[in-house]
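Residue numbers (our numbering): 4 to 317.
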Ligand SMILES: Nc1ncnc2c1ncn2[C@@H]1O[C@H](COP(=O)(O)OP(=O)(O)O)[C@@H](O)[C@H]1O
Ligand SMILES: [Mg+2]
């Protein structure tokens, strides 16, 4: 039986009125590349910061290799995390920067630095000054740096953000090479395509809540995420009343609002609209593919399937 590398129980974090992470229950088995997929503002970074004990949960707990991180920080020695905007000395080479970091962290790297640089696709530029590196190369150097301590678990927060396609491909290869070295990877992204290409399993998070979880292939095949389509008037009042669900206009259905992943909330949504004095004409559950769902929650357009009106009424 595989060991559980990360477990979160009812993990919740509130910032004032914003519920950044809402009752998150995850289990990540060792040896996996686990994707944590969600649009900007979904709560990915906050979750990763709680995994690292950098942000205190409002409620709930994090266990790393079975140890509660809030009470036993020692277990974080087994974790490598990519530091956001890792800073390197621009006047030193990539190789020299890793040597300096290794010395600061007191780790014995005995000849592993060249291997790490090669793994990050930086072998040919290892002796060039970091000041001459592209953003993507710097990020890859940051990834190599996370491996200096030879961690069992890597937490990577949007490791390909800001990269060109070649840089992304090289980071993907890097990540894919990690399980063979006995490492577990937890990786956040706002790009479905990224997660699809490197992850074994994925949790999709939107507005702090998990809306789907499972093997990537299964999620992509079944689709089957349910959202709500609502016809209500006046639509502007409805939109304001439903702000907590981040409603968007349904394409090709004027006067309809679309609430991604909210199918189970039909009673609460209806009640909210009635309280706001809005006339509710129709509330329709809508099944959709993962791709369509993801496009809708990332605000890249709403694909309403079966827009002819054959969706079942709720
Ligand atoms: N330190 C903070 N103070 C107030 N609000 C925050 C703070 N950190 C994050 N948030 C809010 O929490 C939500 C989730 O943010 P974040 O975890 O950064 O999302 P993601 O990484 O998925 O883009 C956002 O609404 C964000 O504005
Ligand atoms: Mg983030």
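Glycine included, each C-beta is placed from N, C-alpha and C at the ideal position.
The straight-line gap separating the alpha-carbon atoms of residue 29 and residue 277 is approximately 35 angstroms. Between residue 168 and residue 174, the alpha-carbon positions lie close to 10 angstroms from each other. Using a cutoff of 6 angstroms, the CB of residue 56 does not count as near ligand 1, since none of the ligand's heavy atoms is closer than that.
In the pairwise beta carbon analysis, the region 138 to 155 is classified as touching the region 111 to 129: at least three pairs are separated by under 8 angstroms. Per DSSP, reduced to three states, the secondary structure at residue 252 is strand. Taking the C-beta atoms as reference points, residue 216 is found no nearer than 7 angstroms to residue 191. Between the C-alpha atoms of residue 297 and residue 61 there is a straight-line separation of about 28 angstroms. Pairing residue 214 with residue 240 gives a Cβ-Cβ distance that is not under 7 angstroms.
In its chain, beyond the 5 residues on either side, 15, 211, 212 have a beta carbon closer than 7 angstroms to the beta carbon of residue 25.
In the DSSP assignment, residue 52 falls outside any beta strand (DSSP E) and within the unbroken alpha helix (DSSP H) covering 47 to 54. Excluding sequence positions up to five before and after residue 218, its CB lies within less than 7 angstroms of the CB of 203, 204, all in the same chain and listed in chain order. Taken atom to atom, the span from the alpha-carbon of residue 36 to that of residue 261 is near 32 angstroms. At the C-beta level, residue 97 and residue 148 stay beyond 7 angstroms of one another. Checking the DSSP bridge columns, you'll see residue 270 has no partner listed.
For residue 176, the enclosing alpha helix (DSSP H) covers residues 168 to 179. Using a 10 angstroms sphere on the CB of residue 83, the tally of other CB atoms reaches 16 or more, which defines it as buried. Annotation for residue 127: no beta strand (DSSP E) segment contains it, and DSSP assigns it neither H nor E.
Taking the Cβ atoms as the reference, residue 194 lies roughly 18 angstroms from residue 157, outside the contact range of under 8 angstroms.
Relative to the Cα of residue 151, the nearest Cα in the group 20, 109, 48 belongs to 109.
For residue 37, the beta-bridge partners assigned by DSSP are 189, 204. In the structure shown, residue 96 adopts extended strand secondary structure according to DSSP, grouped into three states. For residue 286 against residue 231, the beta-carbon gap comes to about 6 angstroms, under 8 angstroms, which counts as contact. Between the C-alpha atoms of residue 135 and residue 94 there is a straight-line separation of about 9 angstroms.
Excluding sequence positions up to five before and after residue 73, its CB lies within less than 8 angstroms of the CB of 56, 59, 60, 64, 65, all in the same chain and listed in chain order.
For residue 65, there is no enclosing alpha helix (DSSP H); the residue is found in the beta strand (DSSP E) stretching over 62 to 67. No heavy atom of ligand 1 is found nearer than 6 angstroms to the CB of residue 61.
Between residue 22 and residue 11, the gap from beta carbon to beta carbon reaches 7 angstroms or more.
Looking only at 51, 17, 170, 201, the smallest Cα-Cα distance to residue 137 is reached by 170.
Out of 32, 189, 270, 250, the CA that lies nearest to the CA of residue 39 is found in 189.
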